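Numbering (our numbering), first residue to last: 22 to 335.
For glycine and all other residues, C-beta sits at the position ideal for the given N, C-alpha and C.
Bear in mind that the values here come from a model prediction, so they are computed numbers and not experimental data.
Heads up, the thing below is written out as structure tokens.
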Ligand SMILES: CC(C)(COP(=O)(O)OP(=O)(O)OC[C@H]1O[C@@H](n2cnc3c(N)ncnc32)[C@H](O)[C@@H]1OP(=O)(O)O)[C@@H](O)C(=O)NCCC(=O)NCCS
């Protein structure tokens, strides 16, 4: 909840912005998460909401990576814009949800900015004081555009240290049978550090009309691994896909990793991979809507470029 008077007006940064009514001395608390007023939802709670609710949450909210919660500021503070040189910073020492404070004196009429817009995750706090509670600072996740393909392929090559995955991604991005797809890039300190690609899949069986997608591949560059980048990419992807109606998300990968990110073995639920997978536990699913697992079954059909037997050996 905002702790200072502000007005919302057209912003030179983007759309609407939040402007100080009075002068705000450095260190003043400007916003504090207030239970009962602001929202903090976990993934299951968000997935259970109507599509409009999820859209608003995803547009105006952000993911707190330390809490693994979607946060929505329920007053005008949701219009705060991003800046690389912000005048407001998040202080997590006093409160796990964070208290936002003026990083310097802010003049009356000046726009309040934070080091995030679609920010979630991490980027080092560049306002002077360290955010000790975050493992890796702040991160920005964006949907990759066709112009970002070189960046995407570079991240894939760095993460996997071979050509197979970059080639697969390049093919999938051109493959009409993979559409709709969702390609997300993660940036930390303005550097691309992670990429994930989700492509269309069809469940052949009694669930033909249940929208599905498959995650392949997920890539985090070596220097940024084990800092929550992979998880943040999966969470952002799951939210966007759920909001667009996808009900089941599949992955073939290391169960030790993906079971930490909401996936469970798929075969026991009668949801089969296009080819026999060994070990069976490497074939996993994550429900993006309630009452999915156990109620639908079938065999997944994936995009043509992904449907080659060599991609189905773990
Ligand atoms: C595998 C990979 C995507 C993980 O991404 P990441 O950003 O390093 O992982 P995160 O920091 O989000 O990890 C989330 C959790 O999984 C754990 N974890 C990370 N890598 C793990 C692994 N290889 N095995 C088991 N657990 C792992 C983390 O410790 C963290 O645990 P926590 O829940 O206790 O916090 C990344 O290491 C990578 O790109 N590796 C090379 C390419 C690759 O193998 N991709 C996967 C192909 S499908």
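Item checked: Neighbouring residues (CB closer than 6 Å to any heavy atom of ligand 1) -> 180, 181, 238, 239, 240, 241, 246, 247, 248, 249, 250, 251, 252, 274, 275, 277, 278, 281
Next item on the list: Leaving out five residues on either side along the sequence, give the residues of the same chain with a beta carbon under 7 Å from the beta carbon of residue 82.
Entry: 91, 92, 93
Next item on the list: Starting from the C-beta of residue 266, find all residues in its chain whose C-beta is less than 8 Å away, skip the five residues before and the five after it, and write them out in chain order.
Entry: 72, 232
Next item on the list: Express the C-alpha separation of residue 43 and residue 241 in angstroms, rounding to a whole number.
Entry: 43 Å
Checklist line | Run of the beta strand (DSSP E) containing residue 25, from where it starts to where it stops | finding: Taken as a continuous stretch (DSSP letters only), residue 25 belongs to no beta strand (DSSP E), as it is neither H nor E.
Checklist line | Terminal residues of the alpha helix (DSSP H) in which residue 188 lies | finding: 185-195
Next item on the list: Along the alpha helix (DSSP H) that carries residue 307, what are the first and last residues, could you check?
Entry: Run containing residue 307: none in the alpha helix (DSSP H); it sits in the beta strand (DSSP E), 304-308.
Margin query: With three or more C-beta pairs closer than 8 Å as the rule, is the region 175-183 touching the region 304-315?
Written below: no
Checklist line | Between the CA atoms of residue 286 and residue 302 - distance to the nearest angstrom | finding: 5 Å
Notebook entry, point to check: Based on the DSSP secondary-structure assignment, which residues constitute the bridge partners of residue 271?
Noted result: 235, 306
Notebook entry, point to check: Using the beta-carbon count (16 or more within 10 Å), is residue 150 buried or exposed?
Noted result: Low confidence applies to residue 150: its pLDDT is 38, below 50, so where it sits in the model is not reliable, and the reading given next is rough at best. The residue is exposed, with fewer than 16 neighbouring Cβ atoms inside 10 Å.
Check: What do you reckon, are the CB atoms on residue 3 and residue 220 nearer than 9 Å?
Finding: There is simply no residue 3 to check, as the chain begins at 22 and stops at 335 in what is shown.
Check: Any idea if residue 148 is buried or exposed, counting beta-carbon neighbours within 10 angstroms, 16 or more meaning buried?
Finding: Note that residue 148 scores a pLDDT of 42, beneath 50, so its modelled location is shaky; the value from the coordinates is reported in the next line. Buried, by the Cβ-count rule.
Note to self: By the three-class DSSP mapping on this structure, what secondary structure does residue 262 have?
What the structure shows: helix
Check: Per DSSP, residue 212 forms a beta bridge with which residues?
Finding: 209
Next item on the list: Assign residue 178 to one of three DSSP states: helix, strand, or coil.
Entry: helix
Note to self: As a quick exercise: from 46, 120, 332, 291, pick the residue whose alpha carbon is nearest that of residue 319.
What the structure shows: 291
Margin query: Which same chain residues end up closer than 6 Å to residue 215 when comparing Cβ atoms and leaving out the 5 residues on each side of it in sequence?
Written below: 207, 241, 250, 254
Next item on the list: Within 10 angstroms of the Cβ of residue 248, are there 16 or more other Cβ atoms? Answer buried if so, exposed if not.
Entry: buried
Note to self: Between residue 272 and residue 284, how many whole angstroms is the CB-CB distance? I'm expecting something under 8 Å.
What the structure shows: 6 Å
Notebook entry, point to check: Does DSSP put residue 225 in a helix, in a strand, or in coil?
Noted result: strand
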